[in-house]
Amino acid sequence: MRLTRRGYGVLGVVVLAEALAITYGARALNAVAAPAVVVLLASAVQLWRTPAPTAERDRVPAGFPGDTREVTVDVDGGGVAEIDETVPEGLDADGASAEASLPTAFTYSLTCVERGRHKLGPLEVRVRDMLGLVERTSRAGSTTRVLVYPPVYQVAGRDAILRHVLERSEVERQEFDSIREYAPGDPLRDVHWKSTAKSPDDIYVTEFADNRVEDDDVTIAAVGDAGSIDEMAAAAASVAVMALDAGLAVELLLPDAHVRLGRGDGHRQRLLATLAETNTDFTSPFQTYALDDDVLADADVVVRSTADGVTLAFGADERDFEDVTASRENPLSARGVGS
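Counting from 1, position 11 in the sequence shown corresponds to residue 11 in the UniProt record's numbering; the numbering is continuous, with no gaps.
In structure tokens form, the structure reads like this:
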């Protein structure tokens, strides 16, 4: 508990009154200083009797970099308060401070910035008495973990990857799925000429849903050097989502984690959550985030990141990740990913 600026002003009045009392007699002290002292004591007692604030915060759904979440915080207690949310690096907030009489509720906008599991909170609450002379600062509410997935990009050349994984000469494409921008590696037979004609500056290709892979699976192994793990996680997530969308069961092997074979939205969330948290404390430039050579040899797809970039290897074929992504500027949203 401490005085505010206004409280120090009142205290200054008391000191001045004491000086006047010494000069002109006790009447000045009684007329000026005594009421000021009473007000300060009353404010201190009021704040002391005010219960400590408590807070409850909404659960924050997981998201991708750039996603925005609305967070509502309920703060209980008494008095007038200045409330500030504790926002860690990796997240950004707009409107995460408020000034109001307690109890109150306020909502702010939270933006996911960096891959990882981030700790949001607790609140810092500065409660003042009704006259604003005395304040008490405390922390209220528990912390909330906010999971930020790696970005997921549209992978081009899916047929070539699936042909290797499934050991088939040709992947049957039975159903139209979507239209997207052309990327290096896309076969010209997939160009969607009608959409391309409407926009001469862009080329669009057709994506097909594959209905012949429901009983197949793919193992993805991902390794990398220090300083490139974020890029590795994004590439592995992109390949995993592509394989799940094609109907394959996906297994993920990382040096610090193993996600067993599975399908469906729940498995998609597990894969993305694992890649969100993989080796986020990996900071030494002399370390390598590696798997045994035998493990890499048995994997269907190997994702490898270095300071020079990320490569995808499937069989004898190896490609730069940037060359097989349809749009690096506009990663996919949480398609099929729940909170």
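We treat Cβ as the ideally placed atom computed from N, Cα and C, and that holds for glycine.
Asked                                                                                                                                                              : Found
At which residues does the beta strand (DSSP E) containing residue 126 begin and terminate?                                                                        : 123-128
Is the CB-CB distance between residue 320 and residue 311 below 8 Å?                                                                                               : yes
Kindly indicate which residue of 277, 278, 228 and 220 has the alpha-carbon position closest to the one of residue 262.                                            : 220
Using a Cβ distance threshold of 8 Å, determine whether the region 40-49 contacts the region 59-67, with at least three qualifying pairs required.                 : no
Which residues bound the beta strand (DSSP E) around residue 68?                                                                                                   : 68-76
Ends of the alpha helix (DSSP H) at residue 264?                                                                                                                   : 264-277
Contact between the region 133-152 and the region 230-242 is defined here as three or more beta-carbon pairs at a separation below 8 Å; is this criterion met?     : yes
Run through DSSP, which three-state label would residue 43 get?                                                                                                    : helix
Can you tell me whether residue 261 is helix, strand or coil according to DSSP?                                                                                    : strand
What are the partner residues of residue 83, as DSSP defines its beta bridges?                                                                                     : 98 and 125
Using a threshold of 8 Å, state whether the C-beta atoms of residue 252 and residue 241 are closer than that.                                                      : no
Rounded to the nearest angstrom, what separates residue 176 and residue 205 at their Cα positions?                                                                 : Residue placement at residue 176 is poorly supported in this model, since its pLDDT is 49, which falls under 50; the coordinates still yield a value, given next. Roughly 11 Å between the two C-alpha positions.
Whose C-alpha, out of 86, 140, 41 and 114, is nearest the C-alpha of residue 103?                                                                                  : 140
Classify residue 135 as buried or exposed, calling it buried when 16 or more other Cβ atoms lie within 10 Å of its own Cβ.                                         : buried
Kindly provide the ranges of any beta strand (DSSP E) runs that are 3 or more residues long and lie completely inside the region 211-244, ordered along the chain. : 217-225
What are the start and end residues of the beta strand (DSSP E) that includes residue 140?                                                                         : 134-140
For the putative contact between residue 276 and residue 117, defined by C-beta atoms under 8 Å, what is the C-beta separation to the nearest angstrom?            : 7 Å
For residue 63, which residues does DSSP report across the bridge?                                                                                                 : 148
Measuring CB to CB, does residue 81 end up less than 8 Å from residue 53?                                                                                          : yes
Comparing C-alpha positions only, which one of 318, 12 and 181 sits nearest to residue 201?                                                                        : 181
I'd like to confirm the pairing. Which residues does DSSP put opposite residue 4 in its beta bridges?                                                              : Residue 4 is not bridged to any residue.
Using the rule of at least 16 other Cβ atoms within 10 Å of the residue's Cβ for burial, across every protein chain shown, is residue 99 buried or exposed?        : exposed
Is residue 325 near residue 218, with beta carbons less than 8 Å apart?                                                                                            : no
How long is the line joining the alpha carbons of residue 270 and residue 278, rounded to whole angstroms?                                                         : 12 Å
Nearest CA to the CA of residue 226: which residue from 95, 89, 10 and 306?                                                                                        : 306
Hey, how far is the Cα of residue 74 from the Cα of residue 9?                                                                                                     : 33 Å
For residue 301, would you say it is in contact with chain C, using Cβ-to-Cβ distances shorter than 8 Å as the test?                                               : Of the protein chains in the structure, only one exists, and it is not chain C.
Pull up the distance between the alpha-carbon of residue 57 and that of residue 137, whole angstroms please.                                                       : 19 Å
Going by DSSP in three states, residue 296 sits in which element: helix, strand or coil?                                                                           : helix
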